[in-house]
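Visitor: Take the sequence shown: its position 189, counting from 1, is numbered 189 in my numbering, and each next residue is one higher.
Note that beta-carbon positions come from the ideal geometry of N, C-alpha and C, so glycine has one too.
It should be emphasised that the depicted structure is a prediction, and the values quoted were computed from it without experimental measurement.
Mind looking over this structure? Questions follow.
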Amino acid sequence: MPWSEGPRLRWRRLLQWMERQQLDMVVLGSQKNIYYITGYITARIFMPAFLFIPIDGEPLLVTGKSDSEQAAKTFGGEIVEYVNYNLDNVMRPYPIHGVEAAVKTLRSRQPKIKKLGYEGWALDAVILHEMLKMYPTAEFTDVSENILLMRKSKDEDELQNLREAAKLNDYAYRVAKENTTVGRSEAELYTIIHSELVKKKSGFQFFSGDFVSGERCLQIGGPPTNRRLQMGETLILDLWVTHQEYWSDTCRTFVVGSVPSALQKKVFEVLKEALKAGEAALKPGATGSDVYRAVYGAIDRHGYGKYFPHHAGHALGLEAWEPPYFIPGDKNIITENTVCALEPGIYFGDVGGVRLENNYVVKRGGVEVLNEFPLDP
1 MPWSEGPRLR WRRLLQWMER QQLDMVVLGS QKNIYYITGY ITARIFMPAF
51 LFIPIDGEPL LVTGKSDSEQ AAKTFGGEIV EYVNYNLDNV MRPYPIHGVE
101 AAVKTLRSRQ PKIKKLGYEG WALDAVILHE MLKMYPTAEF TDVSENILLM
151 RKSKDEDELQ NLREAAKLND YAYRVAKENT TVGRSEAELY TIIHSELVKK
201 KSGFQFFSGD FVSGERCLQI GGPPTNRRLQ MGETLILDLW VTHQEYWSDT
251 CRTFVVGSVP SALQKKVFEV LKEALKAGEA ALKPGATGSD VYRAVYGAID
301 RHGYGKYFPH HAGHALGLEA WEPPYFIPGD KNIITENTVC ALEPGIYFGD
351 VGGVRLENNY VVKRGGVEVL NEFPLDP
């Protein structure tokens, strides 16, 4: 069976880590991490899946019969299917259905284990209960955080997905700019952008984010409402789209219906300077706190530090927020091919609020900026 190159590479990397940790098997239960290793993710709302990764032999993917053919298109390990739908007694599957199929296979394939790693942040209690029954003398260790940190440095297939997500976000801003007019509501603007994204993708497209205008900008973020845009006020659009499960998370601020005031222009320039300071700090070996200090320092030098109340950014990938986090206390290390967002913002009464955000790939010689849409209001 085929096995996509990126997921297969990540499986081998995980095996090397398991060997160092003396783990006989790892069990994953989150859709994101199963996708990370296998290339398979279900589009069905109710479809529990589990991935068993032994140190020796093929990994074992347990999923519903309705999805087994789809899983085989990207995953080259063994697939065990369970009945997820029939007209006799199963309409909606629960984790217990997948566990029963897994246990039956594992009894013959993996009868003994000394040390088992499990994704405690995601696995249902029913599977842990069965694993404890099957391996009563084994040492169990939660590997959730370890798997998350493995995802920090992106492979080439992941980078390509992130670049495509960034292009979609740029397109969303072009639509937003053309349709930001006095009298239009935040909700109407959201609907227009989402509709155009669906047309562009010719199908379902995840789209969300912050749509706040005027005095609502002082709340920093929030969903679109029926509030109507007014002349000269700021509109913060922090837009989130995905491509093949990988996120783009960027922000632009528009001034509605007029040229920005002198004070608004000044705030925009300060934030552009803060982005440049953050970009210079995005280096392999730097910590999340290093980047925060660089961004905050650029804002504080102009006397606006007290108006910057939140994080300076974060890494992203299969989730919108991944470590490192750009906050004062974060000690997570940035690596080459970490993909990050920088998002300095300034919020106070005379301006409303302004936030600018770009996404970057960290390289040894600098950063690759993933977004092209202008930062200007």
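(1) Look up E164 in the DSSP assignment and say whether it is helix, strand or coil.
(2) Given this structure, state the Cα-to-Cα distance separating G232 from Y36, to the nearest angstrom.
(3) Compare the C-alpha of P95 against each of K104, N84 and L162 and name the closest.
(4) When you compare only the Cα positions, how much space is there between D152 and G313?
(5) Classify K154: buried if its beta carbon has 16 or more other beta carbons within 10 angstroms, exposed otherwise.
(6) Three or more beta-carbon pairs under 8 Å between the segment 364–376 and the segment 345–353, yes or no?
(7) How about T141 and K114: do their beta carbons lie closer than 8 Å?
(8) For G29, collect the residues of the same chain with a Cβ closer than 6 Å to its Cβ; drop the 5 residues on either side in sequence, then sort them by chain order.
(9) Specify whether the segment 159–167 and the segment 363–373 touch according to this definition: at least 3 beta carbon pairs, one from each stretch, less than 8 Å apart.
(10) Could you give the DSSP three-state label for Y325: helix, strand or coil?
(11) Let's see if you can read the secondary structure: which residues bound the alpha helix (DSSP H) around K331?
(12) Given a cut-off of 8 Å on the beta-carbon distance, is the pair T250 and V354 in contact?
(13) Does the distance from the C-beta atom of F46 to that of A102 stay below 8 Å?
(14) Between A176 and P224, is the Cβ-Cβ spacing less than 8 Å?
(15) Taking C-alpha atoms, which residue in W240, N161 and R216 lies nearest to D197?
(16) Tell me whether M18 sits in a helix, a strand or coil according to DSSP, three-state version.
(17) V295 and G278 - do their beta-carbons sit closer together than 8 Å?
(18) Where does M1 sit, in a helix, a strand or coil, going by DSSP?
(19) Just checking my contact of L162 with S248 at CB under 8 Å: how many whole Å lie between their CB atoms?
(20) Quick one: what does DSSP say D290 is sitting in, helix, strand or coil?
(21) With a threshold of 8 Å, are at least 3 pairs of Cβ atoms found where one atom belongs to the segment 55–62 and the other to the segment 14–30?
(22) Pairs of beta-carbons, one from the segment 105–114 and one from the segment 131–147, closer than 8 Å: are there three or more?
(23) Below 8 Å on the Cβ atoms is my contact criterion, and I expect G288 with D330 to pass it. Report the Cβ-Cβ distance as a whole number of Å.
(24) Whole beta strand (DSSP E) runs in the segment 52–108 with 3 or more residues, listed along the chain?
(25) Am I right that V351 and Q219 are in contact with their C-beta atoms under 8 Å? What's the rounded C-beta distance?
(26) Out of L14, D88 and L356, which has the shortest C-alpha to C-alpha gap to G117?
(27) Label M18 either buried or exposed according to how many other C-beta atoms from any shown protein chain fall within 10 Å of its C-beta, with 16 as the threshold for buried.
(28) Is the beta carbon of S258 sitting closer than 8 Å to the one on N226?
(29) In the structure shown, what three-state DSSP assignment does Y347 receive?
(30) Which residue from N337, V267 and K272 puts its Cα closest to that of Y307?
(31) Rounded to a whole number of angstroms, what is the C-alpha to C-alpha distance between K276 and G214?
(32) Which runs of the alpha helix (DSSP H) fall wholly inside the segment 154–236 and span at least 4 residues, in chain order?
(33) Below 7 Å, is the gap between the Cβ of V354 and the nearest heavy atom of the ligand NAD?
(34) What are the boundary residues of the alpha helix (DSSP H) that N33 is part of?
(35) Using only CA atoms, which one of N86, M91, G203 and E81 lies nearest to L99?
(36) Along the alpha helix (DSSP H) that carries G278, what are the first and last residues, could you check?
Guide: Put simply:
(1) Counted from its first residue, the sequence shown places residue 164 at position 164. Helix.
(2) For the purposes of this step, residue 232 is taken as the residue at position 232 of the sequence shown. For the purposes of this step, residue 36 is taken as the residue at position 36 of the sequence shown. In a straight line, the C-alpha of G232 is about 45 Å away from that of Y36.
(3) One-based indexing of the sequence shown puts residue 95 at position 95. P95 has its Cα closest to that of N84, out of K104, N84 and L162.
(4) For this step, residue 152 is matched to residue 152 along the sequence shown. For this step, residue 313 is matched to residue 313 along the sequence shown. With the sequence shown as reference, residue 152 is identified as Lys, and Asp is not the correct amino acid for it. Computed Cα separation, rounded: 15 Å.
(5) Position 154 of the sequence shown, counted from the start, is the residue given in the question as residue 154. So K154 ends up on the buried side.
(6) In this structure the segment 364–376 does not lie against the segment 345–353, because fewer than three pairs of beta carbons, one per stretch, are closer than 8 Å.
(7) To locate residue 141, count along the sequence shown from 1; it is residue 141. To locate residue 114, count along the sequence shown from 1; it is residue 114. Taking 8 Å as the Cβ cut-off, T141 and K114 do not qualify as a contacting pair.
(8) Here residue 29 corresponds to residue number 29 of the sequence shown, with the count starting at 1. Excluding positions up to five away in sequence, the list reads F50, E119, A122 and L123.
(9) Counting Cβ pairs under 8 Å, three or more are found: they touch.
(10) Working through the sequence shown from its first residue, we reach residue 325 at position 325. It is a strand residue.
(11) Mapped onto the sequence shown, residue 331 falls at position 331. Segment: none, K331 is in no alpha helix (DSSP H) and carries neither H nor E.
(12) On the sequence shown, residue 250 is found 250 positions in, with the first residue counted as 1. On the sequence shown, residue 354 is found 354 positions in, with the first residue counted as 1. No; because the gap between Cβ atoms is not below 8 Å, this pair is not in contact.
(13) On the sequence shown, residue 46 is found 46 positions in, with the first residue counted as 1. On the sequence shown, residue 102 is found 102 positions in, with the first residue counted as 1. No, these two residues do not count as a Cβ contact at 8 Å.
(14) As a first step, residue 176 must be located in the sequence shown, where it is residue number 176. As a first step, residue 224 must be located in the sequence shown, where it is residue number 224. No; because the gap between Cβ atoms is not below 8 Å, this pair is not in contact.
(15) On the sequence shown, residue 197 is found 197 positions in, with the first residue counted as 1. Residue 197 is actually Leu in this sequence, not Asp. With respect to the C-alpha of L197, the residue from W240, N161 and R216 having the closest C-alpha is W240.
(16) The sequence position of residue 18 within the sequence shown is 18, counting from 1. M18 falls in the helix class under three-state DSSP.
(17) Numbered from 1 along the sequence shown, position 278 holds the residue referred to as residue 278. Numbered from 1 along the sequence shown, position 295 holds the residue referred to as residue 295. Going by C-beta atoms, G278 is nearer than 8 Å to V295.
(18) Position 1 of the sequence shown, counted from the first residue, corresponds to residue 1. Note that M1 has pLDDT 48, beneath the 50 cutoff, so the model's placement of it is unreliable and no number is given.
(19) Here residue 162 refers to the residue found at position 162 of the sequence shown. Here residue 248 refers to the residue found at position 248 of the sequence shown. Indeed, because the Cβ distance is near 7 Å, the residues count as touching under 8 Å.
(20) In the sequence shown, residue 290 corresponds to position 290, counting from 1. Taken through DSSP and simplified to helix, strand or coil, D290 comes out as helix.
(21) yes
(22) yes
(23) If you number the sequence shown from 1, residue 288 lands on position 288. If you number the sequence shown from 1, residue 330 lands on position 330. Contact between G288 and D330 holds: CB atoms are separated by about 3 Å, below the 8 Å threshold.
(24) Listed in chain order, they are 60–64 and 78–82.
(25) For this step, residue 351 is matched to residue 351 along the sequence shown. For this step, residue 219 is matched to residue 219 along the sequence shown. In fact, because the Cβ distance is near 14 Å, the residues do not count as touching under 8 Å.
(26) If you number the sequence shown from 1, residue 117 lands on position 117. Per the Cα distances, L14.
(27) Residue numbering aside, residue 18 sits at position 18 when the sequence shown is read from its first letter. With 16 or more other Cβ atoms within 10 Å, it is buried.
(28) As a position in the sequence shown, residue 258 is number 258, starting the count at 1. As a position in the sequence shown, residue 226 is number 226, starting the count at 1. Here S258 is not near N226, since their CB atoms are 8 Å or more apart.
(29) Along the sequence shown, read from residue 1 onward, the residue named residue 347 stands at position 347. Reduced to three states, the DSSP call for Y347 is strand.
(30) Sequence index remark: in the sequence shown, residue 307 carries index 307 (1-based). Of the candidates N337, V267 and K272, the one whose C-alpha sits nearest the C-alpha of Y307 is V267.
(31) Translated into positions along the sequence shown, residue 276 becomes position 276. Translated into positions along the sequence shown, residue 214 becomes position 214. Each residue's alpha carbon lies about 27 Å from the other.
(32) 156–179 and 186–201
(33) Ligands displayed in this structure: none; no statement on the ligand NAD is therefore possible.
(34) For this step, residue 33 is matched to residue 33 along the sequence shown. Note, N33: alpha helix (DSSP H), Q31 to T38.
(35) Reading the sequence shown from its first residue, position 99 is the one you call residue 99. The sequence shown places Val at residue 99, not Leu. Checked all of N86, M91, G203 and E81; the closest Cα to V99 is E81.
(36) The residue labelled residue 278 in the question sits at position 278 within the sequence shown. First-last of the alpha helix (DSSP H) with G278: A262 to A281.
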